[in-house]
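In the working numbering, the protein residues as written are 5 to 467. Glycine included, C-beta positions come from ideal geometry on N, C-alpha and C.
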């Protein structure tokens with residue numbers, strides 16, 4: 005728990021006159037604002053979050069309604085040892101019970117109802133594949149051990165498929181791994197090594213998702229909103245609809261000082277003057293930049309433009325190589341994109357269908373599927389999950405919300421004979437129903453009670 009570090013620092017000299025500007029309204033900036041107040045003793049009124057959208061949270065989103073359909077572009081699989089996150093949310097009051105923190109509420113929920121997946125993988129239009137084995141041969145164990153021990157410098161720039169024996173990519177381990185963490189064969193093996201170090205204690209439970217913890221509602225309502233409310237009540241300034249287009253940076257003898265923040269607010273350009281007494285934080289890069297949405301009758305259109313976040317990073321990287329190489333992360337959209345979709349179903353048919361695969365009833369505020377169910381023989385490598393219901397506070401009791409995603413959006417479907425990226429919400433649902441064993445003649449019954457909202461994310465694996 006790192007209790008040795010859990011002290012209240014003394015205020016630094018001059019903190020009362022310092023200002024902080026945080027570019028981007030995702031979890032990074034929200035966390036920084038909280039720690040600037042808590043540990044930095046900064047006046048909240050001197051902290052400004054500059055966000056181009058009308059809502060904070062970045063990738064940790066959740067919106068919509070039961071009539072038009074809910075939408076969450078993605079979600080994070082969390083576990084007990086997210087020490088920094090739990091330290092943060094151990095200080096944030098719960099919206100539902102202000103006498104409890106978000107962490108206390110979260111832990112109570114997961115202690116009462118620990119996560120467990122009864123069915124992790126299906127095949128052959130609904131056949132449940134049950135295995136507690138990871139399917140690793142001695143050569144695979146040897147290679148995983150080597151990856152764990154070797155240095156990142158020695159690995160260099162090689163990919164997963166270059167490091168492992170080809171048979172490794174056919175194992176259950178790789179199927180669990182890639183579907184949980186959205187890994188591809190062409191991803192850096194260094195990234196896989198970092199994930200291994202971070203999540204090695206969860207490997208024995210990969211086939212059941214044992215050890216994961218989940219929020220009560222979607223992660224915007226359960227985490228972002230309580231944190232934002234605390235910051236706003238304290239006086240932190242949220243400047244929505246404001247895009248940062250450039251930073252003036254004075255560089256002398258290795259010291260870098262931001263002297264101006266160029267912004268566009270509601271179509272008007274201006275500059276915020278800053279000095280060396282101010283602090284400027286920038287979330288460089290974005291997983292959800294240039295995301296586009298579709299609906300039942302329209303596919304989301306892939307937006308290949310870079311957007312403000314990547315453009316800003318490129319601009320400051322040109323000023324000094326110390327700011328990194330953004331092109332490494334954003335230059336190949338076909339390797340960083342994938343698509344998800346959120347299903348809002350009213351009535352009992354879709355709910356009962358997914359309950360049959362989860363092998364449990366979807367009771368209020370209880371584990372549903374227990375994580376993603378991956379369809380092994382899907383051309384799209386499709387996975388679907390139902391988290392605790394309701395996922396949204398205004399979600400009616402006769403509505404279930406499910407989420408699905410696929411790693412190969414350019415492949416043709418097994419039922420819908422065209423790429424996922426060209427499919428409407430209706431067609432995405434049909435492809436899922438096909439893999440769940442529903443006859444074509446019965447699909448319309450499910451379609452009639454459902455709203456599907458797809459999301460195409462060109463930079464989702466750019467990190």
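Asked	Found
Stretch-stretch touch, CB-based, cutoff 8 angstroms, three pairs: the stretch 22 to 37 with the stretch 49 to 63	yes
Buried versus exposed call for residue 136 [16 or more other C-beta atoms within 10 Å across all chains shown]	exposed
Straight-line Cα distance separating residue 210 from residue 177	8 angstroms
Same chain only: Cβ atoms within 8 angstroms of residue 23, ignoring 5 sequence neighbours per side	50, 51, 52, 278, 281, 282 and 283
Minimum Cβ-Cβ distance from residue 72 to chain D less than 8 angstroms	Checking the listed chains, one finds no chain D in this structure; it contains a single protein chain.
Buried or exposed by the 16-neighbour rule on C-beta atoms within 10 Å, applied to residue 171	exposed
Contacts around residue 430, its chain only, beta-carbon distance under 8 angstroms, and the 5 residues preceding and following it disregarded	300, 301, 451 and 456
Distance between beta carbons of residue 409 and residue 343, contact taken as under 8 angstroms	7 angstroms
Spatially closest choice to residue 4 from 129, 200, 383 and 116, by CA coordinates	Not covered by the structure: residue 4. The range shown for the chain is 5 to 467.
Other residues of its chain near residue 156: CB distance less than 6 angstroms, five sequence neighbours each side excluded	194
Cβ-based neighbour list, residue 106, same chain, cut-off 6 angstroms, excluding 5 preceding and 5 following	93, 96, 98 and 230
Check: residue 372 C-beta below 7 angstroms from any heavy atom of the ligand HEM	In the structure shown, the ligand HEM is absent, as is every other ligand, since no ligand is present at all.
Rounded separation between residue 421 and residue 234 - CA only	49 angstroms
C-beta atoms of residue 189 and residue 164 nearer than 8 angstroms	yes
Cβ-based burial, residue 192 [other Cβ within 10 Å; buried from 16]	buried
Residue 208, buried or exposed, once every other Cβ within 10 Å from all chains shown has been counted against 16	exposed
Spatially closest choice to residue 376 from 369, 390 and 383, by CA coordinates	390
The stretch 390 to 406 contacting the stretch 342 to 359, beta-carbon criterion three pairs below 8 angstroms	yes
Residue range of the unbroken beta strand (DSSP E) whose run includes residue 455	454 to 461
For residue 165, three-class secondary structure by DSSP	helix
Minimum C-alpha distance to residue 20 - residue among 65, 40 and 225	40
Assigned secondary structure, residue 192 (DSSP; H/G/I helix, E/B strand, else coil)	strand
Cβ neighbour criterion (16 or more within 10 Å) applied to residue 398	exposed
Segments assigned alpha helix (DSSP H), at least 4 residues, entirely inside the stretch 69 to 143	87 to 93 and 106 to 116
Where residue 178 falls: helix, strand or coil (DSSP)	helix
Start-to-end residues for the alpha helix (DSSP H) that takes in residue 439	429 to 439
Alpha carbon of residue 461 to alpha carbon of residue 18, nearest angstrom	43 angstroms
DSSP-derived helix/strand/coil call for residue 61	strand
Selected residue, minimal CA-CA separation from residue 67, among 183, 275 and 297	297
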